[in-house]
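Engineer: Remember, the working numbering sits 31 above the position in the sequence shown when you count from 1. C-beta atoms are modelled at their ideal positions from N, C-alpha and C, and glycine is treated no differently. Next up is a structure, given as structure tokens.
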Amino acid sequence: METNDTKFQTRIDEGEFVEPKDSMPDGYRHHLIRQMSQHAHSEVIGMQPEGNWISRAPSLRAKQILLAKIQDEGGHGLYLYSAAETLGISRSEMINQLHSGKAKYSNIFNYPALTWADIGAIGWLVDGAAIVNQISLQRTSYGPYSRAMIRICKEESFHQRQGYEIMAKMMKGTKEQQEMAQDAMNRWWWPALMMFGPHDTDSPHSSDAFKWKIKREGNDELRQKFIDKTVQQAEVIGLTIPDKELKWNEKKNIYDHGEINWNEFHQVISGNGPCNKQRMEHHIKYHEEGAWVREAAEAYKKEKSNSKI
Ligand code: 3HC
């Protein structure tokens, strides 16, 4: 006998998009709320390491580009919070989950941006990894998430290019600038690989994600795509990938690489990374400072709806 869940699965198997007003299994809804809200948190928290460099950008052009990128990231967060709200969770609930530690955000934003080369590494590697993941997510089965991804991906390529330009310029610069760029490469490479999540065999969510076509490609497949693309980009500008086991595999047509430090990954995503405390304190401080704006907006909305009665 056909149940709602089997009818839903048939729709998914036939490649249909799911829209907010459609009936959906609770598990599908909760899986998406978890992933989309954490995606949104990542976009907003990711503004912090880059924001620290606005006042120290080496030129007016660099400052303008960085300001534009950070503004984009804030907008990406808003698209994703709005898309998550279509599943029945409020913005304040999502923010409470972030502040209480119940919700995660991407591991990568718990590392410090120590030099200007870090801004290049973040744009090139972090946004580069995000692009690989988000291009795949454009085909996710939930309509509002897919449409948010299509819009976000259009801006990510600018983010990745500007980061790569910073690294390329530094590699053509003085010895100190080259060393600075290589140092940033050494610090950001492995955490960028961790962004794609644990091996699919260790992922508690991947099987549901595939069943419901939330994920179209696995964590390892996307990570490999990123590695194969980025190693060549590094070679072009003379940067060395900090992985002694990296080797082109003629047979498989991919780069074999060393094992990721999963202990570091789990330490960072459980709140024990270099900057977790600072990132959360900063977010909570400015969220609280901005309470008056939310109250004013609420009051205005209430007054507007009362005046319509
Ligand atoms: N950072 C933090 N937590 C991570 C993680 C990471 N890189 N990768 C996995 N995890 C967490 C998962 O959230 C899950 O924990 P939970 O049950 O508490 O949510 C656990 O580790 C198991 O991981 P799974 O792989 O089973 O979980 P998912 O199926 O959700 O896959 C994911 C993880 C690949 C990150 C997936 O959630 C995803 O594709 N998310 C959307 C993309 C995203 O969030 N990107 C963040 C970066 S945004 C960004 O970089 C902005 C750019 O413009 C700068």
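With a threshold of 8 Å on Cβ separation, who are the neighbours of residue 130 within its own chain once the five nearest residues in sequence on each side are excluded?
Structural biologist: 311, 314, 315, 318
Engineer: Would you check whether the ligand 3HC has a heavy atom nearer than 6 Å to the C-beta of residue 188?
Structural biologist: no
Engineer: Tell me whether residue 226 is buried or exposed, calling it buried when 16 or more other Cβ atoms sit within 10 Å of its Cβ.
Structural biologist: buried
Engineer: For residue 139, name the three-state secondary structure that DSSP assigns.
Structural biologist: helix
Engineer: Name the DSSP beta bridge partners of residue 286, please?
Structural biologist: The partner list for residue 286 (beta bridge, DSSP) reads 279.
Engineer: Under 7 Å, do residue 80 and residue 305 count as touching if we go by C-beta distance?
Structural biologist: no
Engineer: Measure the C-alpha to C-alpha separation of residue 170 and residue 114 and round it to an integer number of angstroms.
Structural biologist: 15 Å
Engineer: Should residue 179 and residue 111 be called a contact, given that it needs their Cβ atoms to be closer than 7 Å?
Structural biologist: Result yes, Cβ atoms of residue 179 and residue 111 sit closer than 7 Å.
Engineer: If you count every other CB in all the chains shown that lies within 10 Å of the CB of residue 149, and 16 or more means buried, which is it?
Structural biologist: buried
Engineer: Rounded to whole angstroms, what is the Cα-Cα separation between residue 157 and residue 201?
Structural biologist: Between residue 157 and residue 201, the C-alpha separation is close to 18 Å.
Engineer: Return the residue from the list 120, 147, 33 that minimises the CA-CA distance to residue 88.
Structural biologist: 147
Engineer: Would you tell me roughly how many angstroms separate the C-alpha atoms of residue 198 and residue 326, rounded to the nearest one?
Structural biologist: 43 Å
Engineer: Where are the alpha helix (DSSP H) runs, 4 residues long or more, that stay fully inside the stretch 170 to 203, in chain order?
Structural biologist: Counting only runs of 4 or more, we get 174 to 202.
Engineer: From this set, 78, 43, 214, 233, which residue's C-alpha is nearest residue 152's C-alpha?
Structural biologist: 214
Engineer: Do residue 53 and the ligand 3HC come close, with the Cβ less than 6 Å from some heavy atom?
Structural biologist: no
Engineer: When burial is assigned at 16 or more other CB atoms within 10 Å of the CB, is residue 92 buried or exposed?
Structural biologist: With fewer than 16 other beta carbons inside 10 angstroms of its own, residue 92 counts as exposed.
Engineer: Is there at least one non-hydrogen atom of the ligand 3HC closer than 6 Å to the beta-carbon of residue 208?
Structural biologist: no
Engineer: Can you grab the Cα-Cα spacing for the pair residue 262 / residue 70, in whole Å?
Structural biologist: 26 Å
Engineer: Over the uninterrupted alpha helix (DSSP H) stretch that includes residue 35, give me the two end residues.
Structural biologist: 35 to 44
Engineer: Output the boundary residues of the alpha helix (DSSP H) element that contains residue 220.
Structural biologist: 206 to 225
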